[in-house]
């Protein structure tokens, strides 16, 4: 197998020079699918991997625009239409000076499997530009967005390609892009997701990732006949993901005891209840204050400032049942993982993107705890994009409860896809394998079904 | 109109009397010099005379004995620009000397004869290079007259043309006569000028005005006099003429030349005063025919008569209102103010009479009030067609406008008996007690003048640009206080701030000053900032900003006595801060001695409005006309502004605020992404709390400085002040929307002003930065505050000071740096030049630093700094995070005195945090003005490096918990190129010392 991967990689590198990020992504996927290719040579025979790593279409175009002083600038626009085997291309647009073909191909490639894992009908894509929004006026950003869409509009559509936001593309940019698309096409359709609530956006977007992560944890516990009721939970972070993780945990009867920000964390032995959560939300969202104020306000909580000298994070050293890393990358290293296991934690659900180091993941997998990797556990965010598309297609907006219950349904589906797949490939309980393989299989099978296209 | 007049006036006063006699070379035999010295200790005399007349200026004087020496001196000493020679020079005849001098440089040579007979030689003849001859008659004032006369001739053309300085023609061919007449005239002129130039002016203004005194042009023949008259006829204040003098140079005197001249003048100019003088009484008849006054030369009261004439005819006295053709006096006005008052009641015929003869205009000109004089002169009487009321109201209006505008440019001495409140006659800046205003108040006075000169006050519709009402306690009050009971010596030696404060509190406040304060506070009831304004503060090279205390007074007690009590305490507090341990430590880093420091104190109305229990301005800010870190499309010279809702504390201390470039107000880098905007914009604001405990609670240390409090944005929204500056974040849409129309967390983006032009903040700031830059001739820093609640809206221009940049930068080439040779290299460097010989480094290690303990690190640095300062050892300070940060999480919160000994400061990124250079106002100002090099290192930028490993490997002289002091075996070499913003610190000085 590694021979297969090695020869594949040689070809990939020769064909796609100067795209190191893309090479890396292909290699990781290929290696994680070793089990699949061993058992199912038909994928090899049909050159599924070779086909899947070649974008169905790459669009690269000129984006000229004029700044407020009348100077002319030219940026490069991209759209990688990676795979549409299971649905219209779907993936974000990124405006950042670091954007180039290799990075976008890498992101588009990963997006294919992420989207597939949600069980929703969404293909994979990614796009953007090397435009730097920093220091640009609203008008300049608008002119850029309009110029960008003036080319992109002919390649996308609600049934073809549905871009979303990413770095540098927020609500403002989606608005400008949507407005220009609508003007050029003379039609109001769900061609972009991340739209304003009053013009086609979906509810539950800020909540989706946190809620979804908790639903996923609940499902994992369900495999052992347990629920979150009464479980002590460590939560890191205090942004959207962490806040709504805490909210859903409270709803499901669990007892969250920690939250953190870049300066430090609080440990509230008595548990963060609804009132304290409301205070936390006001503190973080409205007053934009420091988490320390939580401890100043509630005597039951202890504040510990972040200590860069330490080789671990003490937040993960409390006695608990579940951990919800919801802050940032690599926040759980090997030592933290050991501390978690030593303190009885047996559920880890990743709300953040790649919060655990390889070392930590291996420890979790080896200890056979319920470890829900980010690509499965935090798929709620991606799923809501799919729900936005669905609502747009129906020209109908669901109320919160409806979106939430559909999200819940999706997370259950993702969970069961992971469990089933892991079982099928002889690694029961291994959500890492389950997630990697399930995402791939759905796309691969669809490609097989649809013939050589 | 009035503002432009004042503008023209003030600028040109500065510009008057450009030609100055700087250095006189006196060529005389030792004996002649002995005589002169004997007669009045010559150089002392010169100095004394000039000091009386013209405070800041007296020419130097060098004596030599021979022509050869004189020529040598002329060659050697560039500054010599007048030569006075006696006829008895051993080796050279004066005429030859003069001719030879002219070959070297064009310097006027004046002959000073001892005896009239000496004047008949060739030197005094026509065609000689001798400019003028004078006769020594034992009165040293002749020297002053010579100097003034030479200067007047050279300056007259420029000065009359630029502002209309007045001219008196003195026609006299007799050397003896004019040698006695001229000193007398100058004496009278200067004396009168000094007396009339009093109203509403301070000393330095008066000195400036003295330059505008009338000039005396000495003419010795008809031809010369006629030419002079024709050239300056519109500015001739009067003519004093001999009756007999030559028609042409070199000719014999004509017996009726003066009369003929008078008749010529009268043909076209009925109202120019003429005085004829003669030794022959019978000439009086001729004078009368020419409608001229007559003076008898032989009269024992010639001097007295001349004085009378000057007062009456040359307008040096009060303005005497008369009726047409009647000698009888209707009324008189002593100064502008009373002129304005009397104009209301003067009968129409008198108004017309004076109007027709240009009396108002001439009287004003003689008082050097050219601006208003010019405004009045073009008003032709015919325009009024007999409408006396219109004439009257126009005259009054012109004078009122002018006085108001001038009030804006002058610091008036506080007059408690006449203080009627704010804005009366336009003045809002007062000095209490004598002495200096101190640096800060001087700056404010300058701002005030800029506003008036450039007509800024009403330049923007519906907005008034002004300084806040201010009273300054001059340094004399400080001195008087310190001279009580040995307080000064105690304060200088005191090591204990608490004890110092107790003594200050117990020492009585100077009585006069307290009475003035009471009068001021009886009228001024808004909250006050009590600010230091020491001699050293805000000067270009030693700014001292933030060293001394500033206190906020609510000033809202019912009784004046209580408010005076509070103010007195606050003033004492500021005085005491002059001697605090903090200030002493700071001063030690400078070249100044504590004894030299004197403290004036400003009591300044705070710009703002009452909102429930709070008082604050809608926004405060600091604008710098030079941006050290411009991002495209901005350029460094476009400047950068930091603004915040509420009091300016957030900005001064480097807290969260909004930074924008006034040329590109819609390009705000901070608002480029939603996340950045949420992180970096203001979360709270500072206001003065009006309720709560009294200002003077307790008798000991009632903490006066703690009146400022921070409030959340919800308070601002409730107060209604958020709408003008706020935006809303939508979590659902992940977007920021201008205005508060939608629900959601509020952000301070200033979008309504910057994007939608609700208030022309960028335009105003651009204008002020231009004006400030022009005024100071350097990039400037401007403090301001805005109160939108007032009508008209109030833009408080609080301060302008030079933003210290090395202006004449020596270009330092950084060149190639060998790998491993550099300790530190960056393309974000402030400062310019080479710094050699530093062997000591104070290092806060990347590995050791804990953000949670940055306060301890600051204290350790302070202790090391004091040790190094005490031993006079300069050092390089290297650390992580923002230096001087207010937020201890972002860096090490040192105050300036804790790092004052550092010659170079290196600011490196934290491991988990990118450092944005803070540009915290005071810290930054100190940095640039102490010429401390500042390196910013952000490894992810790629364009810099800092060799932590090498530092780590160096043995420590002392190592504390957070800080290490290294003494390197060899000194480092620092090179900084201020133009490119590039710099390097080399591990050792491997370059040859350059001389």
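Residue numbers (our numbering), protein chains in the order written: chain P, 8 to 460; chain E, 18 to 1012.
Backbone N, C-alpha and C fix where the C-beta goes; we use that ideal spot for every residue, glycine too.
Between the stretch 737-752 of chain E and the stretch 174-189 of chain P there are three or more C-beta pairs closer than 8 Å, enough to call the two in contact.
At a cut-off of 8 Å between beta-carbon atoms, residue 729 of chain E makes contact with chain P. When beta bridges are read from the DSSP output, residue 773 of chain E appears opposite no residue.
Residues of chain P with a Cβ closer than 9 Å to the Cβ of residue 748 of chain E are, in chain order, 212, 213, 247, 292. By the Cβ-count criterion, residue 298 of chain E is exposed, with fewer than 16 other Cβ atoms from all chains shown falling within 10 Å of its own Cβ. Straight across, the Cα-Cα distance linking residue 913 of chain E with residue 865 of chain E is about 23 Å. Sorting E:150, E:90, E:208 by C-alpha distance to the C-alpha of residue 111 of chain E places E:150 at the top. Its chain contains 977, 978, 979, 980 as the residues whose beta carbon lies nearer than 8 Å to that of residue 877 of chain E, once the 5 sequence neighbours on both sides are disregarded; these appear in chain order.
For the pair of segments examined, the stretch 114-129 of chain P was found to touch the stretch 431-450 of chain P: the number of CB pairs separated by less than 8 Å reaches three. For residue 138 of chain P, the closest alpha carbon among the candidates P:330, P:97, P:410, P:176 is that of P:176. For residue 570 of chain E, same chain residues with a beta-carbon under 7 Å away, outside a window of 5 residues either side, are 544, 545, 547, 583, 584, 587, 712 in chain order.
Put simply, the CB of residue 58 of chain P is far from chain E, with every gap to its CB atoms at 8 Å or more. Residue contact check for residue 24 of chain P against chain E: no CB pair falls below 8 Å. Contact note: residue 144 of chain P reaches chain E through 683, 684, using a C-beta cutoff of 7 Å and chain order. Taken through DSSP and simplified to helix, strand or coil, residue 648 of chain E comes out as coil. Identification of chain E residues near residue 314 of chain P by a Cβ-Cβ cut-off of 7 Å yields 867, 869, ordered along the chain. Rounded to whole angstroms, the gap between the alpha carbons of residue 680 of chain E and residue 784 of chain E is 11 Å. Per the Cβ contact rule, the stretch 59-72 of chain P is in contact with the stretch 85-102 of chain P (3 or more Cβ pairs under 8 Å). Residue 167 of chain E: member of the alpha helix (DSSP H) spanning 158-180, first to last residue. Leaving aside the five residues that flank residue 451 of chain P on each side, the residues in its chain whose CB is nearer than 6 Å to its CB run, in chain order, 50, 55.
Counting only residues of its own chain and dropping the five nearest sequence neighbours on each side, residue 685 of chain E has a CB closer than 6 Å to the CB of 677. Shown here, residue 637 of chain E sits in a strand according to DSSP, grouped into three states.
Here the alpha carbon of residue 192 of chain E sits roughly 24 Å from the alpha carbon of residue 247 of chain E.
Using a CB distance below 8 Å, no part of the stretch 158-182 of chain E faces chain P. For residue 401 of chain E, the secondary structure class from DSSP, reduced to helix, strand or coil, is helix. Around residue 695 of chain E, the beta-carbon contacts reaching into chain P at under 7 Å are 295. Judged by DSSP in its simplified three-state form, residue 131 of chain E adopts coil rather than helix or strand. Per DSSP, reduced to three states, the secondary structure at residue 547 of chain E is strand. DSSP, reduced to helix, strand and coil, places residue 151 of chain P within a helical segment of the structure shown. Around residue 204 of chain P, the beta-carbon contacts reaching into chain E at under 7 Å are 749, 750. Shown here, residue 725 of chain E sits in a strand according to DSSP, grouped into three states. At least one CB of chain E lies nearer than 8 Å to the CB of residue 140 of chain P. For residue 230 of chain E, no alpha helix (DSSP H) encloses it, and the DSSP letter there is neither H nor E. Remark: C-beta atoms of residue 340 of chain E and residue 347 of chain E approach each other more closely than 8 Å. With contacts defined by Cβ atoms closer than 8 Å, residue 819 of chain E and residue 782 of chain E do not form a contacting pair.
Going by DSSP, residue 623 of chain E is part of no beta strand (DSSP E) at all; its letter is neither H nor E.
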